[in-house]
Amino acid sequence: MRQLSPSPQDSLVFEDISYSYNGSKQNALHNITLSFQAGQRVALIGRNGSGKSTLMLLANGTLQPDKGSIFFNGTRVRYDKKSLRFLRENVGIVFQNPEDQLFSASVMQDISLGPLNLGLSEEEARQRVNEVVAFCQLEHLVERPTHALSGGEKTRVALAGILAMKPRFLFADEITNSLDPWMRNQILSILNNWVTQGNTVVLSIHDWKLAEAWGEKVIWLDTGEILKSGSASEVFTNAELPDIPPFN
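Numbering-wise (the numbering used here), the sequence shown opens with residue 7 and increments by one.
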């Protein structure tokens, strides 16, 4: 397998990564080598069980690879408490179910959790919250109880809570799948704006038409391996790809 040479230009690099869950004889990911550059819209596609969520959890150190290394800005990721805290400041994950990320009574309190956990002062955290509330257009929801939000509103608040930590790399795990078209467009607009600020968004998507339209780069996972990676035109028009139906 071709090995990537980590460098500061390769901001987030997976080098020959394999991972299997306890009790499983099959790798959830097998010999994954890829890199994410700054300021990219990346569509991550594949069937359920293809390894998309595992890749995201490895990206921010929630999981540790069985084999291989991950590099952030050319430095090998370490798994001590201090190193993981730094990694998670820079690599954020928004989960498919926003209920997994909403813990506080109000929207304002929930968005504040991330900045406060980073050790920011209350004043600094408040400034971060105000910035991301405006960025995500949540001004009308800040005093609302989180349990009273609609599904789409909960997704937007969960996203805002991660953006308040200003991650350079944002991994979003199928967060648009269950949204109506209007709310999906709202979320995609926020993600697009985040990319224009020089950050990278990796969006796990079941709808390959959306992946083709949205992703500047597409990574196609299948049974824990990279089936294809490249531009949308390279991934979706290559004759070597199997003829399979859309994912959704």
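We put the beta carbon where it would ideally sit given N, CA and C, even for glycine.
- Fully contained in the region 171-214 are the following alpha helix (DSSP H) runs of length 4 or more, in chain order: 187-202.
- Beta-bridge annotation (DSSP): threonine 81 is paired with Phe78.
- Between the C-alpha atoms of lysine 87 and asparagine 123 there is a straight-line separation of about 13 Å.
- A contact between stretches requires three or more CB pairs, one per stretch, nearer than 8 Å, and the region 162-179 meets this requirement with the region 92-105.
- Leucine 18 and glycine 221 have their C-alpha atoms some 18 Å from each other.
- Under the DSSP assignment, arginine 150 falls outside any beta strand (DSSP E); it carries neither an H nor an E label.
- Fewer than three pairs of CB atoms, one per stretch, sit closer than 8 Å, so the region 193-211 makes no contact with the region 235-242.
- Counting the other Cβ atoms within 10 Å of the Cβ of alanine 170 gives 16 or more, which makes it buried.
- When DSSP states are grouped into helix, strand and coil, glutamate 159 belongs to the helix group.
- Judged by their CB atoms, glycine 158 and methionine 189 are nearer to each other than the 7 Å cut-off.
- Boundaries of the alpha helix (DSSP H) harbouring aspartate 116: 113-123, taken from the DSSP string.
- Residue range 58-65 is occupied by the alpha helix (DSSP H) that includes leucine 64.
- Judged by pairs of C-beta atoms under 8 Å, the region 128-148 touches the region 109-120, as three or more such pairs exist.
- In the three-state DSSP reduction, aspartate 22 falls in the strand class (E or B).
- Taken atom to atom, the span from the alpha-carbon of alanine 154 to that of arginine 162 is near 14 Å.
- At a Cβ-Cβ threshold of 7 Å, leucine 35 and threonine 68 do not count as neighbours.
- Taking 7 Å as the cut-off, the Cβ atoms of tyrosine 27 and proline 71 do not count as close.
- Within the DSSP secondary-structure output, isoleucine 51 pairs in a beta bridge with Ile211, Trp226.
- A Cβ-Cβ distance of about 19 Å is found for the pair glycine 204 and alanine 49, leaving them out of contact under the 8 Å criterion.
- Bounds of the alpha helix (DSSP H) holding asparagine 96 are 87-96.
- Within 10 angstroms of the beta-carbon of threonine 152 lie 16 or more other beta-carbons, which makes it buried.
- When the alpha-carbon of leucine 40 is set against those of Gln46, Lys58, Phe20, the nearest one is in Phe20.
- A Cβ-Cβ separation of about 4 Å places glycine 52 in contact with leucine 227 under the 8 Å criterion.
- Listed in chain order, the non-local C-beta contacts of arginine 134 below 6 Å within the same chain comprise Pro121, Ala170, local neighbours out to five positions each way being set aside.
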